[in-house]
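FYI, the numbering for the sequence shown is 454 to 741, going by the numbering used here. To start, the structure itself, in structure tokens.
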Amino acid sequence: MKMQDKEESDEEELDEEEYEVKDSDKEESDEEELDEEEYEVEDSDKEESDEEESDEEEYEVEDSDKEESDEEESDEEEKLVFPHFVLHTKKSKLHIQFHINSKRIQQKVDQVQNELVSADLRFYEFLQSTSTLHVTMLAVNYFEEYGLTRIIYALHYSVKLIRKHYKVQNFQITFDGLSSFNENYNKILYAAVSQKDDSLQKLLDIKYILQHIFVAVGIHVLYNDKEFNPHMTIINIKEPSISDLELVEIWKSTFRSRPCYFGKEKISGFELSVKEYGEYQKILYVPL
């Protein structure tokens with residue numbers, strides 16, 4: 454009887470141990486399921502967080518693109534300046550030119566002019582002021598019925614293309630000689646653009662861009678049929694008399710066989726101007 458009671462007691466203890474083991478396994482299983490659920494929740498939270506970060510990054514990129522676009526549009530609006538300039542004629546000849554700001558070139562021109570005035574005082578009245586030295590790139594007709602808007606737009610767009618064409622290259626032009634125009638109505642002594650580097654070709658390219666755009670928008674370009682010879686005028690004898698022609702012979706004999714290096718000019722921009730009352734009046738300046 455005792456033996457039987459002992460066996461029953463042993464069986465009950467065994468059942469309790471098995472029950473505890475099962476409970477333990479169940480708790481471990483529950484903990485694992487809970488861990489998996491927490492892991493899934495964390496993963497879900499992480500994915501949502503990643504998506505939010507991605508959305509924020511996309512939003513920032515879009516904002517950045519929008520700001521850049523707005524800045525570009527703002528730049529374009531700033532560039533398209535329309536000056537309050539009134540032309541006093543129904544038809545005028547306008548010039549697109551760049552000015553000579555190099556002190557070295559101005560000093561060299563002054564030196565040449567002084568030498569000519571020393572040779573003959575009559576040169577004095579034909580001197581080009583060193584403060585207004587320039588190179589004319591294009592001459593166009595202005596008609597009152599068209600207004601200035603089309604011309605100003607053409608200049609802005611041309612300068613934009615010139616920048617794009619040369620990219621980061623500088624716009625240096627070398628002047629390294631003296632030459633002259635000997636037309637019946639005009640005698641001009643000028644500083645010549647160098648053909649030893651790319652200076653002349655650069656100006657020919659710029660002239661082509663300007664001419665192409667102005668013609669494309671319906672603006673009448675003058676001297677289209679003439680060969681383009683970019684130059685910086687030093688002496689300009691207009692409608693010369695017989696005595697004035699003697700001055701031409703003087704400058705020829707003085708500088709014919711002498712090298713004359715003036716220096717380099719960096720083009721900083723182009724000016725639209727009109728000659729009124731004997732002087733050039735600036736209408737608009739567009740920087741490069």
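Ideal placement from N, C-alpha and C gives every residue a C-beta, glycine not left out. Quantities reported herein were computed from a predicted structural model and do not represent experimental measurements.
**CB-CB length for I604 against Y595, believed under 8 Å** = Sequence index remark: in the sequence shown, residue 604 carries index 151 (1-based). Sequence index remark: in the sequence shown, residue 595 carries index 142 (1-based). 7 Å between Cβ atoms; contact.
**Request:** Could you tell me the boundaries of the alpha helix (DSSP H) in which S652 lies?
**Result:** Within the sequence shown, residue 652 is the residue found at index 199, counting from 1. That run of the alpha helix (DSSP H) goes S652 to A669.
**Item:** Proximity of I687 and Q581 at Cβ, strictly below 8 Å
**Value:** Working through the sequence shown from its first residue, we reach residue 687 at position 234. Working through the sequence shown from its first residue, we reach residue 581 at position 128. Taking 8 Å as the Cβ cut-off, I687 and Q581 qualify as a contacting pair.
**As assigned by DSSP and simplified to three states, the class of E597** = Counted from its first residue, the sequence shown places residue 597 at position 144. Residue state, collapsed to three classes: coil.
**Asked** At which residues does the alpha helix (DSSP H) containing T602 begin and terminate?
**Response** Residue numbering aside, residue 602 sits at position 149 when the sequence shown is read from its first letter. Counting along the chain, the alpha helix (DSSP H) containing T602 begins and ends at T602 to Y619.
**Asked** For the beta strand (DSSP E) that contains E724, what are its first and last residues?
**Response** Here residue 724 refers to the residue found at position 271 when the sequence shown is read from its first residue. Note, E724: beta strand (DSSP E), G722 to E729.
**Asked** Is it a yes or a no for the segment 630 to 645 touching the segment 721 to 739, going by three-plus beta-carbon pairs under 8 Å?
**Response** no
**Message:** Which same chain residues end up closer than 7 Å to F579 when comparing Cβ atoms and leaving out the 5 residues on each side of it in sequence?
**Reply:** The residue given as residue 579 occupies position 126 in the sequence shown. Within the same chain, F579 has close Cβ partners I688, N689 and I690.
**Request:** Just tell me which of Q560, V562, V670 and L698 has its CA closest to the CA of D573.
**Result:** In the sequence shown, counting from the first residue as 1, residue 573 sits at position 120. D573 has its Cα closest to that of L698, out of Q560, V562, V670 and L698.
**Message:** For a test of the three-state rule: what should DSSP assign to E680, helix, strand or coil?
**Reply:** For the purposes of this step, residue 680 is taken as residue 227 along the sequence shown, with counting starting at 1. Coil at E680, not helix or strand.
**Request:** Quick one: using the 10 Å Cβ neighbour count with 16 as the cut-off for buried, is L657 buried or exposed?
**Result:** By 1-based counting over the sequence shown, the position of residue 657 is 204. Counting Cβ neighbours within 10 Å, L657 comes out exposed, since fewer than 16 surround it.
**Prompt:** Got a sec? Which residues, its chain only, sit under 6 Å from V670 by beta carbon, not counting five neighbours each side?
**Reply:** Against the sequence shown, residue 670 aligns to sequence position 217. These residues qualify, in order along the chain: R603 and A607.
**Request:** Could you tell me the distance, in whole angstroms, from the CA atom of L631 to the CA atom of K705?
**Result:** Taking the first residue of the sequence shown as 1, we reach residue 631 at position 178. Taking the first residue of the sequence shown as 1, we reach residue 705 at position 252. Taking the straight line from one Cα to the other gives about 10 Å.
**Request:** Report the rounded CA-to-CA distance for Y676 versus H587, giving the unit in angstroms.
**Result:** The residue you call residue 676 lines up with position 223 of the sequence shown. The residue you call residue 587 lines up with position 134 of the sequence shown. Spanning the two alpha carbons is a distance of roughly 18 Å.
**Prompt:** Between the C-alpha atoms of K561 and V668, what's the straight-line distance to the nearest angstrom?
**Reply:** In the sequence shown, the residue the question calls residue 561 occupies position 108. In the sequence shown, the residue the question calls residue 668 occupies position 215. One C-alpha to the other measures close to 37 Å.
**Prompt:** D629 lies in the beta strand (DSSP E); which residues open and close that run?
**Reply:** Against the sequence shown, residue 629 aligns to sequence position 176. Run containing D629: Q625 to E636, per the beta strand (DSSP E) assignment.
**Request:** Within the same chain, show all residues whose beta-carbon is closer than 7 Å to that of V612, passing over the 5 residues directly before and after it, in chain order.
**Result:** Position 159 of the sequence shown holds residue 612. Closer than 7 Å at the Cβ level, and outside the excluded window around V612, lie F723, V739 and L741.
**Asked** If you count every other CB in all the chains shown that lies within 10 Å of the CB of P712, and 16 or more means buried, which is it?
**Response** For this step, residue 712 is matched to residue 259 along the sequence shown. Exposed is the call here.
**Prompt:** So K719 and S726 are in contact, right, with Cβ under 8 Å, and what is the actual spacing, rounded?
**Reply:** Numbered from its first residue, the sequence shown carries residue 719 at position 266. Numbered from its first residue, the sequence shown carries residue 726 at position 273. 20 Å between Cβ atoms; not a contact.
**Item:** Per-residue DSSP class, three states only, for L580
**Value:** The count along the sequence shown starts at 1 and reaches residue 580 at position 127. Looking at L580 - three-state DSSP - the assignment turns out to be strand.
**Asked** In the structure shown, what three-state DSSP assignment does L700 receive?
**Response** Sequence index remark: in the sequence shown, residue 700 carries index 247 (1-based). Correct three-state label for L700: helix.
**Prompt:** So which of T583, H548, K640 and I615 has the shortest CA-CA distance to I703?
**Reply:** Within the sequence shown, numbered from 1, the residue matching residue 703 stands at position 250. Among T583, H548, K640 and I615, the Cα nearest to that of I703 is on K640.
**Asked** For I626, which of S584, V701, H552 and K544 has the nearest alpha-carbon?
**Response** Residue mapping note: residue 626 aligns to position 173 of the sequence shown, counting from 1. For the residues S584, V701, H552 and K544, the minimum Cα distance to I626 belongs to H552.
**Same chain only: Cβ atoms within 6 Å of F681, ignoring 5 sequence neighbours per side** = Residue numbering aside, residue 681 sits at position 228 when the sequence shown is read from its first letter. Hits under 6 Å: K660.
**Asked** Any idea which residues DSSP pairs N639 with across the strands?
**Response** What you label residue 639 is simply residue 186 of the sequence shown in a count that begins at 1. In the DSSP output, where bridge partners are listed per residue, N639 has E636 and K691.
**Item:** Whole-Å CB distance - V646 paired with H684, under 8 Å assumed
**Value:** One-based indexing of the sequence shown puts residue 646 at position 193. One-based indexing of the sequence shown puts residue 684 at position 231. Rounded, the Cβ-Cβ distance is 7 Å, consistent with contact.
**Request:** Using three-state DSSP, classify K705 as helix, strand or coil.
**Result:** The residue labelled residue 705 in the question sits at position 252 within the sequence shown. DSSP places K705 in helix when its eight states are reduced to three.
**Asked** Of the choices I666, E597, K717 and T589, whose alpha-carbon is the least far from that of D650?
**Response** For the purposes of this step, residue 650 is taken as residue 197 along the sequence shown, with counting starting at 1. Checking every option, the nearest Cα to that of D650 belongs to K717.
**Prompt:** When the Cα of I549 is compared with those of K556, N567 and T589, which residue comes out closest?
**Reply:** Along the sequence shown, one-based indexing puts residue 549 at 96. Out of K556, N567 and T589, T589 has the C-alpha closest to the C-alpha of I549.
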